[in-house]
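Since the structure comes first, as C-alpha cells, the remarks are kept for the end.
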Amino acid sequence: MPFMHNTPERLSTEQLEVYFAELVESHSWSTVKIDRNGLQFFWQYVLKKDWQWLEIIKVPKVQTLPDILSVSEVEKLIAVTYRLRYKVFILATYSMGLRLGETLSLQVGDIDAEGKQVHIRRGKGHKDRFVPLPDLTCYALRDLWRKHRNPAWLFPSGTGSIESIQKATTHMDRGGAQAAMKAAVKDCGL
0 MPFMHNTPER LSTEQLEVYF AELVESHSWS TVKIDRNGLQ FFWQYVLKKD WQWLEIIKVP
60 KVQTLPDILS VSEVEKLIAV TYRLRYKVFI LATYSMGLRL GETLSLQVGD IDAEGKQVHI
120 RRGKGHKDRF VPLPDLTCYA LRDLWRKHRN PAWLFPSGTG SIESIQKATT HMDRGGAQAA
180 MKAAVKDCGL
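Taking numbering that gives the first Met the number 0, I'd label the letters of the sequence shown as residues 0 to 189.
Laid out in C-alpha cells, this is it:
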C-alpha cells in the first residue's frame, strides 16, 4: 500500500477503504476496531473534522455457534461423531462447561472421581478452578483412558497406534478438536 507513507490527515476515503478491507481479511475484528477508533479519535479531536466511518468500514458478518446447546443438541453432536476420543471430548466440554483449551489440557491427575470434581488449571485469566464432574462424564473419561493409558493426558496427541498415543507428551491438537466439532455441527445440522 504505497499511500501508507502519507500522514493520516492526507489519506482519502478510498485509501482508507482499501486499508480496512485488507485489515479485515488479515486480522480480527478487535484489531480492526482499534485502528478505526484510533483514526476516528485523531480526526475528531486532533484535526476537528467529521468522518463518515460507516462508509469506510462495515462490521464483518460473523457466523457463530449458539453459546449454549440443549442436551438433545449435544447428544446429536456426540451421536454423529465417529471417533471415541472426540465423542468424549465433546461430552466433557459441554457437560462441565469448559473451554476447548481447558478440555484439551486435562491431565489424569486433574480428575477427582471420588470427590466428583475436576481441577481446571490455568483457565481464563490464568486462574485455577474446580468444576463438578458428572457421573456419565467420569465413566466416559475413564473408559477412554483405559483404552489409551497415557500416563499424563486424558486427550493425548497421536494418531494410529496405541503405542504412539500412550507415549504422547502433549495433548491432542486444538485444530483437530475444532475440526471434529465443526464436522459434527455440520453433520447434525446445527
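Every residue gets a Cβ at the ideal spot worked out from N, C-alpha and C, and that includes glycine.
GLU74 to ALA20, Cα distance in whole Å?
Distance between the alpha carbons of GLU74 and ALA20: 40 Å.
For LEU135, which of LEU10, THR92 and CYS187 has the nearest alpha-carbon?
That would be THR92, whose Cα lies nearest to the Cα of LEU135.
Nearest to VAL130 by alpha carbon, out of SER94, GLY175 and TYR81?
Of the candidates SER94, GLY175 and TYR81, the one whose C-alpha sits nearest the C-alpha of VAL130 is SER94.
Inspect the beta-carbon positions of GLN170 and SER104 and report whether they are closer than 8 Å.
Residue identity check: residue 170 is His in the sequence provided, not Gln. Yes, the Cβ-Cβ distance between HIS170 and SER104 is below 8 Å.
For ASN36, count neighbouring C-beta atoms within 10 Å of its own C-beta (all shown protein chains included) and say buried if the count is 16 or more, exposed if not.
By the neighbour-count rule (16 or more Cβ atoms within 10 Å), ASN36 is not buried but exposed.
Cα separation between GLU162 and TRP144?
In a straight line, the C-alpha of GLU162 is about 13 Å away from that of TRP144.
For the alpha helix (DSSP H) that contains ILE67, what are its first and last residues?
Segment: none, ILE67 is in no alpha helix (DSSP H) and carries neither H nor E.
With a threshold of 16 other CB atoms inside 10 Å of the CB of ASN149, please say whether the residue is buried or exposed.
Buried, by the Cβ-count rule.
Among ILE55, SER156, ARG98 and LYS32, which has the Cα closest to the Cα of ARG128?
When each option's Cα is compared against that of ARG128, the closest is ARG98.
Beta carbon of MET171: closer than 7 Å to some heavy atom of the ligand COA?
With respect to the ligand COA, the structure shown offers nothing to examine, as it has no ligands at all.
Taking Cβ to Cβ, would you say ILE55 is nearer than 8 Å to LEU15?
For ILE55 and LEU15, yes; Cβs fall inside 8 Å.
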